[in-house]
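In full-length UniProt numbering, the protein residues as written are 1 to 382.
Quick reminder that beta carbons are idealized off the backbone N, C-alpha and C, glycines included.
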Ligand SMILES: Nc1nc2c(ncn2[C@@H]2O[C@H](COP(=O)(O)OP(=O)(O)OP(=O)(O)O)[C@@H](O)[C@H]2O)c(=O)[nH]1
Ligand SMILES: [Mg+2]
């Protein structure tokens, strides 16, 4: 048999079982007593086979590797949705157009001050707002920017640069070996569970076989909430057993093992909301990651931190702490519809050099947009 990362290894269901054997996983050792596997939406999805876009010349060639790109490429066509979600932030930034329409060199210092103010109101954060305006000032003084439209274009370009220059890819990095495991983490009520539903919906559209893991064993109704999303998206789910106090790490571990055994493409792990300042809960999260990694080396492929867009710059300390404890690979910014302050997207990326991978722009199944810096900036500054 070929190497672990081999594409041909993932080409058949028996190959996936082979992975499990090769890793010498002992399924019987997992604490199954605290976990129940639930088949949602009928047994049809249990069929092990090659489906949908995964086929290429009869093989699942680089399927997972391509998936992040496929999903992201569709972002550009979703610009209208992003537009409607950003109405509040755009209102705040509309003043930028007014300022630049009447821009002239003599008043440029005042205008730059007002521009900085507009960025601050939209939660770009002092450090990032200053950085953006300083770059413009430098180019104006050097004579490289001579008109309002030129300044606006430069402003947009600078923000795209901040969002893309220092960060790794905004595409999901799902590796080459199935299942790809994604852990969704964050503080209470940010939108983790909803995001898992939306992600499953995205994957579903690409013919991906999704297993959810109800790793939030803390809140009584959390499992049921995820179960509803599983039903809506035709995913399967591993739940803590009713009445048994399951450890979240055990549920996630069991889900990953089932993911390997039953040839799932993606395992989406839900976790309890927790305050980044709560040492014990953050340690528990570290344990969850360890358990996932023990069940499948190199997993999780992504640890996605859900940040509530309405909290504005308060998300910065959260992001720093979660990153320090488990190593965040990407952000998902939710609730950027309504009252959100979209500028915080730029400040959090600028601060931590971690890419935003998705933005949530509503409560519905389709309200999750793959993040594309240019589309995002065009939505902010039409
Ligand atoms: N407007 C809006 N609401 C959202 C978005 N994402 C989630 N919500 C809502 O936010 C609330 C909390 O969502 P959950 O998915 O339960 O959040 P959670 O992080 O799983 O919460 P805990 O498990 O309690 O920590 C729900 O009412 C969701 O409908 C979004 O992008 N926009
Ligand atoms: Mg939840």
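key: residue 379 burial status per 10 Å Cβ neighbour count (16 or more: buried)   = buried
query = Can you name, in chain order, every residue of its own chain whose Cβ lies under 7 Å from the Cβ of residue 121, other than the five neighbours on each side?
reply = 92
query = Would DSSP call residue 236 helix, strand or coil?
reply = strand
ask   = Is residue 328 helix, strand or coil by DSSP?
value = coil
Residue 311 to residue 213 span [Cα, whole Å] = 27 Å
task = List in chain order: all unbroken alpha helix (DSSP H) runs of 4+ residues lying wholly within the region 94 to 144.
result = 108 to 121 and 126 to 141
inquiry  = Measuring only from the beta carbon, is residue 198 closer than 7 Å to any heavy atom that is part of ligand 2?
reply    = no
key: Neighbourhood of residue 201 by C-beta distance below 8 Å, restricted to the same chain and skipping five residues each side   = 232, 233, 365, 366 and 368
ask   = How would you write the range of the alpha helix (DSSP H) that residue 150 sits in, first residue to last?
value = 148 to 164
query = Beta carbon of residue 125, beta carbon of residue 313: below 8 Å?
reply = yes
task = Take every Cβ of the region 161 to 170, pair it with every Cβ of the region 182 to 200, and state whether three or more of those distances are shorter than 8 Å.
result = no
message = By the DSSP assignment, the beta strand (DSSP E) with residue 360 in it spans what residues?
response = 356 to 360
ask   = With burial defined as no fewer than 16 other Cβ atoms inside 10 Å of the residue's Cβ, what is the status of residue 244: buried or exposed?
value = exposed
key: For residue 299, the three-state DSSP class (helix, strand or coil)   = coil
query = Under a Cβ-count criterion, where at least 16 other Cβ atoms within 10 Å of its own Cβ denotes burial, should residue 291 be classed as buried or exposed?
reply = buried
task = Starting from residue 215, trace the alpha helix (DSSP H) both ways and give me its first and last residue.
result = No alpha helix (DSSP H) holds residue 215; the beta strand (DSSP E) holding it covers 210 to 215.
query = How many Å lie between residue 274 and residue 307 at the Cα?
reply = 12 Å
ask   = Given residue 259, which residues of its chain have a CB within under 6 Å of its CB, disregarding the five upstream and five downstream residues?
value = 179, 211 and 267
Nearest candidate by alpha-carbon position, reference residue 382, set 349, 64 and 152 = 152
ask   = By the 10 Å Cβ neighbour count, where 16 or more other Cβ atoms means buried, how is residue 23 classified, buried or exposed?
value = Note that residue 23 scores a pLDDT of 31, beneath 50, so its modelled location is shaky; the value from the coordinates is reported in the next line. Exposed, by the Cβ-count rule.
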